[in-house]
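Enquirer: Read left to right, the sequence shown gives residues 60 to 436 (my numbering).
Cβ atoms here follow ideal geometry from the backbone N, Cα and C, with glycine treated the same way.
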Amino acid sequence: MKDYYSVLGVQRGANEADIKKAYRKLAREFHPDVAGPGGEARFKEVGAAYEVLGNADKRAQYDRGVDPRGGHSGQNAGPQGFGFEDIFETFFGAGGGQRQRSGPATRAQRGGDTLVAAEISLDEAVFGVKRELQVDLADTCGTCKGSCCAPGTSPQQCRQCNGMGQVQRMARSLLGNVMTTSPCPVCGGYGSTIAQPCGECSGQGRTHSRHTISVDIPAGVETGTRIRMSNSGDAGLAGGPKGDLYIEIREKAHATFERQGFDLHCTLHVPMTAAALGTIMGIDTFDGAQDVEIRFGTHAGSTVRLKGLGVGRLQRAGRGDLLVHLDVETPTDLTEEQTELLRQLAVLRSEEMPEAHLAPIGGGVFSRLREAFKGRV
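#1: Kindly indicate the opening and closing residues of the alpha helix (DSSP H) around residue 81.
#2: Grab me the residues of residue 257's own chain with a C-beta within less than 7 Å of its C-beta, minus the 5 sequence neighbours each way, in chain order.
#3: Bridge partners of residue 348, per DSSP?
#4: I'd like to confirm the pairing. Which residues does DSSP put opposite residue 290 in its beta bridges?
#5: Check the DSSP bridge columns for residue 244 and list the partner residues they point to.
#6: Using 8 Å for Cβ pairs, my map puts residue 184 next to residue 310. What's the rounded Cβ distance?
#7: If you compare alpha carbons, which of 326, 339, 380 and 392 is closest to residue 361?
#8: Tell me where the beta strand (DSSP E) around residue 319 begins and ends.
#9: Check for me: the alpha helix (DSSP H) holding residue 395 runs from which residue to which?
#10: Tell me the start and end of each unbroken beta strand (DSSP E) in the region 197-262 that is at least 3 residues and wholly inside, in chain order.
#11: Helix or strand or just coil, what does DSSP make of residue 280?
#12: Please confirm if the region 272-289 is in contact with the region 302-317, defined as three or more CB-CB distances below 8 Å between the two stretches.
#13: Tell me where the alpha helix (DSSP H) around residue 181 begins and ends.
#14: Looking at residue 181 and residue 372, is the spacing between their C-beta atoms short of 8 Å?
#15: Apart from the five residues on each side of it in sequence, which residues of its chain come closer than 8 Å, Cβ to Cβ, to residue 145?
#16: For residue 18 and residue 105, what's the separation of their Cα atoms in angstroms?
#17: Quick one: what's residue 414 bridged to in DSSP?
#18: Would you mind stating whether residue 365 and residue 343 have Cβ atoms separated by less than 8 Å?
#19: The alpha helix (DSSP H) with residue 118 in it runs from where to where?
#20: From the DSSP secondary-structure annotation, give me the bridge partner or partners of residue 268.
#21: Quick one: Cα of residue 359 to Cα of residue 386, how far?
#22: If you drop the 5 nearest sequence neighbours on each side, which residues of the same chain put their C-beta closer than 7 Å to that of residue 66?
#23: Quick one, are the C-beta atoms of residue 266 and residue 260 less than 8 Å apart?
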């Protein structure tokens, strides 16, 4: 059985792009218009190899030891090397029952989608931001305008298929001689060949360059959010349409505020006396200075909710809230005078030797702490 991989000069594990690249290079090298009549035999050999390896179904048959073009080596092959898989291809075409296309294929292909990451800070996620990003993208070739041909030239009708993009051949099966139709091995099914590829884009119809993209990142995005910019990705082959550009958000952690959904959380340390007597404390937020009311008798683990100071809601009006968790601090560096004053307070409150009062599991400071910080881990 013919070693089609060696004919194209590729490894057995080569991907579709490598196979196509190798075929196009050899086809241009040995095309009769370039190499003359002496290269015709080699040109046909290269076309036959690509006919098999360039088709996923035929390549799978070939790798199993069955040559879809007639030879065989091993199991699954019937008389004259015609495998059972070929029976389906004979009557239904490649793909096991899929309808064959009619006419030549177009070289133009849609460009691929492009993914780029954008790192933003928490305050940018709160309000949204406009960001300039540097992206490497494919553009339609400015020299050939996507035609893939050198200036002053154009694709030539394929002599093998007369512009049809398909060739027919007689194949023998268990049911007799049948006519099969397959993509032309010379032009690859396009119906035309490019004798003089564009030197700027090497016959691809596109080139690559760096672009500056302006992106409006809305409020409420978070790590993993993807923003789609339609028709802003890579230009397609041979003048094909552009793909899409996706910007994936990566949100940096903040030193003070922690985000949970559209709400923000922070911890405020409150002196013991302020928690007992009550006071107002000022804190810095993304909206500037804000007052936090500490009511008298505040316990550790209490929470103050500042409405509308959280993250903007993605694609909705309004914002989340800012939850300030209060941590009552017990002093550990008392002077003698302060210690004496606390002793006097304890006497006044009859708390010199306080009695122990156990609280139910459902109440008390640990329950309040658990509820206040629930979901933060």
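Expert: The structure says:
#1: 75-89
#2: 200, 202, 203, 207, 208 and 209
#3: 343
#4: For residue 290, which the question treats as bridged, DSSP gives no partner whatsoever.
#5: Per DSSP, none; premise fails for residue 244.
#6: 5 Å
#7: When the alpha-carbon of residue 361 is set against those of 326, 339, 380 and 392, the nearest one is in 326.
#8: Per DSSP, the continuous beta strand (DSSP E) segment holding residue 319 begins and ends at 317-319.
#9: Here the alpha helix (DSSP H) through residue 395 covers 395-407.
#10: 225-232 and 235-242
#11: Residue 280: coil per DSSP, three-state reduction.
#12: Between the region 272-289 and the region 302-317 there are three or more inter-stretch CB-CB distances shorter than 8 Å, so the stretches are counted as touching.
#13: Its alpha helix (DSSP H) spans residues 181-186.
#14: Result no, Cβ atoms of residue 372 and residue 181 do not sit closer than 8 Å.
#15: Annotation note: pLDDT 43 at residue 145 (below 50); position unreliable, coordinate value reported separately. Excluding sequence neighbours, residue 145 sits near 120, 125, 127, 230 and 232.
#16: Here the chain has residues from 60 to 436 only, and residue 18 is not among them.
#17: DSSP lists no partner for residue 414.
#18: For the 8 Å CB-CB criterion, residue 365 and residue 343 do not form a contact.
#19: 115-122 is the extent of the alpha helix (DSSP H) around residue 118.
#20: 196
#21: 5 Å
#22: 104, 105 and 108
#23: yes
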